[in-house]
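Student: Top line first, the protein sequences correspond to chains A and B.
Take the first sequence: its letter number 44 is residue 44 in the UniProt record's numbering, and every next letter is one higher.
Take the second sequence: its letter number 207 is residue 207 in the UniProt record's numbering, and every next letter is one higher.
C-beta atoms are modelled at their ideal positions from N, C-alpha and C, and glycine is treated no differently.
Computed from a prediction, not measured in an experiment: that's the story for all the values here.
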Amino acid sequence: MRSLRNCISSLLLVVPLFLLYLPQVQALHESDVGVVDWHKELIGVPLAGALATAPIFHRVGETSVILTATGNNVLAALNPGNGSIVWRHVHEAEDRIAGFYKHGNLVATLSGPGGSTLRTYDVLKGTLMLEKRLHSPESGHLSEPHHFGKFVTFSPDGQYAYVLTNGHTISKINSLTGKVDWIWSSEDKTSLIIYSKVVVAPTAIYVIGVSKSIASFTLHAVALSPVEGDILSTRDFPSSISDAFTGFLTLSGSITTAPQVVWFEEGSIKSIVLTAILNVKVTTVNHSKFERILDVGVSGQAHFVAVHTDGSARVMGSQFDRPGLKSLGEFTKSNDMVEPIYAAGVDEHDQVYVSRVYWAPSIMKAKADVLSTRSATEKSLTSIEIPFDTRTHGILGHVTMDGSASSGTVVRTLIMTSTGAIQLWKRGDLQWTREEGLAATVVAEFVELPEQVQTSVRGDGEESFLSRVVRQIGDAQNFPQYLVNFARRFATGSYASPSSPATASSSEPLARDTFGLRQVVVAATLFGKVYGIDSGNGNILWSRVMGLGWAGEVGGQIQPMKLFVIKAVGDPDRPNDEGGSGPQVALVAQRRADNSLVDTVLFHIDPLTGEEIARQVRDDDEELKQLTEEENVLQGIDVVSGPVVEAYLMAAGDSKMVVMLDEYLQVYLYPDNPTTKAAFAKHASTLHFPLRANTPNGQRRLVGHQVALNPSLSDRYVGYSTWTLSLPEGEDVKTIIPAAKGPVASIGKVLGNRTTLYKYLNPRLFVLLTAPHSAGPAASGSTGKKGEKPAPKTCGVYIVDSAKGTVVYRATLPPVDGISCDVKAVLADNWLVYHYYDDEFSGEGKTKGWKMVSVELYEGKGIDEKTMSSDMSSFKRESADVLSIEQSYIFPHAITALATTSTKFGITTKDLIVATQTDQIQSIHRRLLNPRRPNRKVTAEEQEEFLIPYEPVLFYDPKRVLSHGYQVANAQRIITTPTVLESTSLVFVYGLDMFLTRVAPSNTFDVLSENFNKVQLVLTVSALAAAIIFTKPMVRRKRLREKWYQ
Amino acid sequence: MAWSPLLFILLYSLLVVTPAFELLGKIQLNDFLLDIEGLRNSKIILDNGKMQGRIMHDGNFVIPDVPAGTYILSVSSPDYSFDQYRVDVVDSQTEPEVRSYASGTSLNPPSAVLLAYPIAITPRQKHVYFVPPESFNLVAMFSNPMMLLMVFGGVMMLAMPYLMNNMEHETMNELKEQQARVAGMQGAITNGSSKSGVSTMNGEELLDSGGQHSKNSPSAKSRGNNRNKKR
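1. Under 8 Å between the Cβ atoms of S175/A and T127/A?
2. What are the complete beta strand (DSSP E) segments, minimum 3 residues, inside the stretch 863-906 of chain A?
3. May I have the straight-line CA-CA distance separating residue 1127/A from Q635/A, to the nearest angstrom?
4. Return the chain-ordered ranges of every beta strand (DSSP E) run that is complete within the stretch 41-112 of chain B and spans a minimum of 3 residues.
5. Do you know offhand how far R615/A's Cα is from L608/A's?
6. Quick check on S4/B: buried or exposed, where buried means 16 or more other Cβ atoms within 10 Å of its Cβ?
7. If we cut at 8 Å on Cβ distances, does P931/A have a partner in chain B?
8. What residue does the beta strand (DSSP E) around F264/A start on, and which one ends it?
9. Which chain A residues sit within Cβ distance under 7 Å of M65/B?
10. Is the beta carbon of K333/A closer than 8 Å to that of D369/A?
11. Return the CA-CA distance between A276/A and E37/B, expressed in angstroms with no decimal places.
12. Using 8 Å as the Cβ pair cut-off and three pairs as the minimum, do the stretch 935-947 of chain A and the stretch 101-118 of chain B touch?
13. Just reading off the beta strand (DSSP E) that Q590/A is part of, what are its end residues?
14. At least one CB of chain A closer than 8 Å to the CB of T105/B: is that the case?
15. What residues in its chain sit with their C-beta under 7 Å from that of I214/A, if we drop five residues either side in the sequence?
16. If we count the other Cβ atoms within 10 Å of its Cβ and call it buried at 16 or more, is D871/A buried or exposed?
17. I'd like the list of long-range same chain contacts for K861/A, defined as Cβ closer than 7 Å, with 5 residues on each side in sequence excluded.
18. Closer than 8 Å, CB to CB, is N108/B near chain A or not?
19. In this structure, does DSSP put Y668/A in helix, strand or coil?
20. So does the stretch 590-606 of chain A actually touch the stretch 540-558 of chain A, counting three or more Cβ pairs closer than 8 Å?
21. Here's the rule I'm using: 16 or more other beta-carbon atoms within 10 Å means buried, otherwise exposed. How should A180/B be labelled?
22. Our contact map puts Q887/A next to P931/A with C-beta atoms below 8 Å; I'd like the distance itself, whole angstroms only.
23. Could you compute how far the alpha carbon of V131/B sits from the alpha carbon of T997/A?
24. Grab me the residues of R1041/A's own chain with a C-beta within less than 7 Å of its C-beta, minus the 5 sequence neighbours each way, in chain order.
25. Once the 5 residues before and after I637/A are set aside, which same chain residues still bring their CB inside 8 Å of it?
26. Can you check which of these residues, K176/B, A140/B, N60/B, E177/B, is closest to I119/B by C-alpha distance?
27. Helix, strand or coil for N694/A, going by three-state DSSP, please let me know.
28. Taking C-beta pairs closer than 7 Å, name the residues in chain B that P892/A reaches, listed in chain order.
29. Determine the direct distance from the alpha carbon of G528/A to that of L832/A, and round the result to whole angstroms.
30. Measure from the C-beta of R1037/A to each C-beta in chain B and report whether the shortest distance is under 8 Å.
31. So the beta strand (DSSP E) V86/A belongs to, where does it begin and stop?
32. Counting only C-beta atoms, is I1029/A closer than 8 Å to chain B at any point?
33. Check each residue of the stretch 959-989 of chain A: if its Cβ is closer than 7 Å to any Cβ of chain B, include it; give the result in chain order.
34. Report the option in T812/A, V707/A, A745/A, Y717/A whose CA atom is closest to the CA atom of P728/A.
35. Only counting the same chain, and skipping five residues up and downstream in sequence, which positions put a Cβ closer than 7 Å to that of R1036/A?
36. Examine the ligand GTP and report whether any of its heavy atoms sits within less than 7 Å of the Cβ of P690/A.
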């Protein structure tokens, strides 16, 4: 009998084993691309501060692109026609782009410290033609601004690039092969002459720089021979300029024109024509008094803008190969003008267009005055009105433009806004907008949508019969459609499936779809804007500018800190709540005014519309109130006057509130009303939170806090320290990662031998990552003095209990290159995963590589020990009894972010979602990260637990790449959220790009599978029915016959 | 106006400059990779990517300033998988030693086979991210063995009476006997273990060959019954 039971049990085991290999089917179908996921490719906000990185139009033959380098360290080319990305190259963080320099079909970039790396790309395709290290990054000068002292210019045929790096070295490099012809370096590298411009002329290469004299800068020039790189002559120009960056510029025109140096000196403009012998014949332009000169990107066409002190400006330059400066056009003074921006562009025939773009308060529009200098006699000034929407895009930032000779002065103007958007205007028509501010998203959160409300209009009782009939007929107008739909659905089985688009029904107002897959992602950026993004397709539902409040007068910046959903869809309505029954979010932000005052502002927003629910009542400042209302910006509420060290969301009873701690650890609540105060007071004694603190010797350590009320001192709760976590010498607190909160479906894990491991579910756990102490004596870069043993540098991963600072789990990891730590970790329930790089390989069986460690914490010291850790007080002795089971795996890639999936009830297994360095988002099955994977063949008991044998490498599985062909560049954070379906979780990734998809770690067990074939079922059933009908008389006859003849 | 805008931080490192090497290599096209453009933003990285090189239009790559040491060279590519290599840079003059390396294995001792330098790397596989959707197919549905059995059963059920009618009397009798035996066997299975069913089957075979049916069958049955009692 025993054998039979074994037989059956092994059968039972075999069946799940089949299931185990089934999850392969879970991968994406090609038809789901763009339906269940979306990807928003971004480039980041262009660095408009310098011409070398600012966006510019570039034309090669018939095609034109917009080139730019951005704050996210991306070099990109945009299609001016529709704003799409033609190509982009994301640079590493340490390889900062200094500038890009275009010529014909090539664009060159210098990046890294001192411009250590030269790359050339094909302008239209973005193919990397050449990558060359010019000097080691360690020997590079760090300069501020970064573009200063770096320059690339090309020989007229584009074959050679003359590259200026480090402010003192010129190399002549073949722009395609990378062969270096010659290198010239100024003899005294520490001298205070810094070169910043290179001009190519047939007879000489001119290198222009500034040298420091007593109160100002003096221009310095060197003429080099183009063939050998010998010095032809070197000279200081008799000049005195106050601004080394913008105080001078070089003009070059066609090959036959001699280049000139132009500089601004005490109200006048001076210039020198460059010749190989560098004579110093200075020409002074004597117009009315000047204020500054501007290089607007057409110095290659020998044009620049000079601004007068009275606000008018003129285009200056030399024309028709005649040296010498003259005025080529004038922008007259206007009183209706706010901060004009000058921009220039060239058309197909190399004709220059210069424009002045400004905000005209009287017409509430932007205006562009375009001046074309087509010929000496034909100077046309065209004025264009640009209906720029200042309410949604802030104020005008940088402007660049493009001319077109064929159709008159139809100019394309590219406008960058203060909120990080890029807009292209063709005359007064908006062509496209790119919201590049999203690449600087700091905080983002999912908000569930409410269900669609069935609106029914009730008659008020005095309805006549006729009108009631009419109304009911009206109500029934959708009935036939419903009937048809019902029949169709019944016959074909086309129900809502988890892989159908979430925004199939474009309901207005926003409402949840069948499975809650449609939600709103609220994202706040560094550029002072909040966005509501449809999780179904990535469209921006609304966007609002965050107002500066009183700081609007002095200028400032809003830095989002935390975003909380203070009222989700299921939460009960609060008494006297202004926000209605919908969800609400609160954004805590720091306002850094330009006068160095820091305040904390809270924006209370309706995530469905972006409307402000509660706003500051500014009785004292009626004017400001009116202004902010007019501008339609979010006003916010000044909650704390001063910075906030930490903000938390606290759910107490029915209400959720934001708890903020200021510098003095005073507690501020939002909303601050008697209900929340009472709720907070009730729970105050049980609140514990860790904060970073600096020790006198500069080490950062962790201090646990609690809050208490001392009515004699203050009417606010004040935090006081309760414990200090002593870290080893030389270890610094780097990051505190709170545990991912979510429901836990089971408190234990039943093993194959019918014993149970109870999960350690202490709700007060958090992860602490430490790094080697940066300011310590051991980190100064020296090899360590004799007799003084430097502290070993280590990175640490800790799990700490916030109530009393108990270290529940601890691991010491090797630092990368001996100094820095790049550890990523996530803690969910009792499961910790961390990822680091291990470069220790000298030992037996060791290898270099990224390691991923999976740790599970269980109660007590072994199996069947239950301490009720989820409800236990931290002060009980048993709370420190933890069994940690861990296993380490080799991971093939570096990762930039990781998270676990989260589902509604926590029944579904949690998968790990990682963003890898290869710009992909990958899911890793929980089963692979089970730290109890046996290091041998699995036994029957282990099979019952679905354990699979340990393998040291977590192999890359393309079928589990959620982002498939998308390049999700530079992912910084992953957030997951449950849907109505227990099986399915939404995953949102942001960083540079944005990406959203759905995952079902245990397959979609709660809905009919995609493969379910209703047609087949109906066919089978009807075939059986037909068979029964057909055989019934036969059987009856047979029975009858049997009865007769038996 | 002072020097203040020119915030030059001189970073002349006073460290001893270790001999550095410029590592060269090339990605070679094959059936998986027909165009270098297909590699998108792939990079060649040493160890954790601190040192890296991008792939140029002709497939060449350069990793500059590699100090002496042992490295794992890998291709960080989204769409293709590549082999990994162990690279030992000795000094700036001699060519580095390149060996193949399998991920997850011990780095030491190194493989005895040296590969050619500059390193030539070929893609091993192009990743397939999608699975083909399963679609309804009538042929596939009926080629399912279960389905075939069902269809065969249905056909037999309908065809049986006609077959029976057409059969001769003798064969008919034989068949009836056999049927009775099968029914008996089924009864044994339902009230006994599988073993007794099997032994009945054995007995039946014996009956067909000889005539010892009466001798064997009851004992088999009683054995089965004994078993039942034990349970």
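Tutor: So, from the listed chains and residues:
1. As a first step, residue 175/A is located in the first sequence; it is residue number 175 there, counting from the start. As a first step, residue 127/A is located in the first sequence; it is residue number 127 there, counting from the start. No.
2. 882-891, 895-900
3. The structure shown does not extend to residue 1127/A, since chain A spans only 1 to 1046, so no value can be given for it.
4. 43-46, 51-54, 60-67, 69-76, 84-89, 97-101
5. Locating residue 615/A in the first sequence gives position 615, where the first residue counts as 1. Locating residue 608/A in the first sequence gives position 608, where the first residue counts as 1. So the two alpha carbons sit approximately 17 Å from each other.
6. Taking the second sequence and counting its residues from 1, one reaches residue 4/B at position 4. Unreliable positioning characterises S4/B in this predicted model, as indicated by a pLDDT of 39, which lies under 50. A coordinate reading is not provided.
7. For the purposes of this step, residue 931/A is taken as residue 931 along the first sequence, with counting starting at 1. P931/A does not count as touching chain B.
8. Here residue 264/A refers to the residue found at position 264 when the first sequence is read from its first residue. Unbroken beta strand (DSSP E) run through F264/A: 260-265.
9. One-based indexing of the second sequence puts residue 65/B at position 65. Going by the sequence as given, residue 65/B is Asp instead of Met. Those are R133, S136, listed as they occur along chain A.
10. Residue 369/A sits at position 369 when you count from the first residue of the first sequence. Residue 333/A sits at position 333 when you count from the first residue of the first sequence. Going by C-beta atoms, D369/A is not nearer than 8 Å to K333/A.
11. Residue numbering aside, residue 276/A sits at position 276 when the first sequence is read from its first letter. Residue numbering aside, residue 37/B sits at position 37 when the second sequence is read from its first letter. Rounded to the nearest angstrom, the two C-alpha atoms are 44 Å apart.
12. no
13. Start at 1 with the first residue of the first sequence, and residue 590/A comes out as number 590. Start and end: 584-593.
14. The residue labelled residue 105/B in the question sits at position 105 within the second sequence. For T105/B, the answer is yes, since a Cβ of chain A falls inside 8 Å of its Cβ.
15. Reading the first sequence from its first residue, position 214 is the one you call residue 214/A. Closer than 7 Å at Cβ, skipping near neighbours: no residue.
16. As a first step, residue 871/A is located in the first sequence; it is residue number 871 there, counting from the start. Exposed.
17. Within the first sequence, residue 861/A is the residue found at index 861, counting from 1. The residues are D881, L883.
18. Residue mapping note: residue 108/B aligns to position 108 of the second sequence, counting from 1. Yes, because at least one Cβ of chain A sits closer than 8 Å to the Cβ of N108/B.
19. Along the first sequence, one-based indexing puts residue 668/A at 668. Correct three-state label for Y668/A: strand.
20. yes
21. Within the second sequence, residue 180/B is the residue found at index 180, counting from 1. Label assigned to A180/B: exposed.
22. For this step, residue 887/A is matched to residue 887 along the first sequence. For this step, residue 931/A is matched to residue 931 along the first sequence. About 4 Å; that satisfies the 8 Å criterion.
23. By one-based count along the second sequence, residue 131/B stands at place 131. By one-based count along the first sequence, residue 997/A stands at place 997. For V131/B and T997/A, the distance between alpha carbons rounds to 17 Å.
24. Within the first sequence, numbered from 1, the residue matching residue 1041/A stands at position 1041. Cβ neighbours of R1041/A beyond the five flanking positions: none.
25. For the purposes of this step, residue 637/A is taken as the residue at position 637 of the first sequence. Closer than 8 Å at Cβ, skipping near neighbours: V601, L602, F603, H604, A614, R615, Q616, Y670.
26. In the second sequence, residue 119/B corresponds to position 119, counting from 1. Nearest C-alpha to I119/B: N60/B.
27. For the purposes of this step, residue 694/A is taken as residue 694 along the first sequence, with counting starting at 1. Looking at N694/A - three-state DSSP - the assignment turns out to be strand.
28. For the purposes of this step, residue 892/A is taken as the residue at position 892 of the first sequence. In chain order: S103.
29. By one-based count along the first sequence, residue 832/A stands at place 832. By one-based count along the first sequence, residue 528/A stands at place 528. Looking at the two C-alpha atoms, the distance is approximately 35 Å.
30. Numbered from its first residue, the first sequence carries residue 1037/A at position 1037. Not an interface residue.
31. Sequence index remark: in the first sequence, residue 86/A carries index 86 (1-based). 85-90 is the extent of the beta strand (DSSP E) around V86/A.
32. Taking the first residue of the first sequence as position 1, residue 1029/A is located at position 1029. So no, I1029/A is outside the interface.
33. K959, V961, H964, G965, Q967
34. The residue you call residue 728/A lines up with position 728 of the first sequence. Checked all of T812/A, V707/A, A745/A, Y717/A; the closest Cα to P728/A is T812/A.
35. Sequence index remark: in the first sequence, residue 1036/A carries index 1036 (1-based). For R1036/A, where only same-chain residues beyond five positions count, there are no Cβ hits under 7 Å.
36. You won't find the ligand GTP in this model; it holds no ligand whatsoever.
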